[in-house]
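Data block below; observations after.
Residue numbers (the working numbering): 64 to 197.
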């Protein structure tokens, strides 16, 4: 599995100059700094499991924090834009009828019908019309 990291760095010496009491103080060897020689297929030693858990826990915490932050930002954005609507003429308007954009999304492309940011996927349209892939 290789080198495990916490906060983007190799695992530091913690309590009394070592990460775990299984290593000598000041040991700078790869195993003492969180390097995992084994694979999941071969099986991890108990020390390797501990190092892997330390690196994995950080990833879970980061994901949870990022999710809450992005969820908060999405909630604020939705609350700010909830009254806007796209009219049949393609303009984006406020409840008072003021025009915010003359063309929805500034390009008029419906994201549900676009292909990876392009307005038209020519190959898909040809396949749809003639029935076979180009």
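Positions of the beta carbon are idealized from the N, C-alpha and C atoms, including for glycine.
Would residue 164 pass as a contact of residue 172 if the rule is Cβ separation under 8 Å?
no
So which of 151, 74, 181 has the shortest CA-CA distance to residue 167?
151
Could you work out which residue in 112, 124, 83, 147 is closest to residue 159 when comparing CA atoms only?
147
Residue 99 - partner residues in DSSP beta bridges:
65
Going by the DSSP bridge assignment, what does residue 181 pair with across the sheet?
178
Taking the alpha-carbon positions, what's the residue 137 to residue 130 distance?
10 Å
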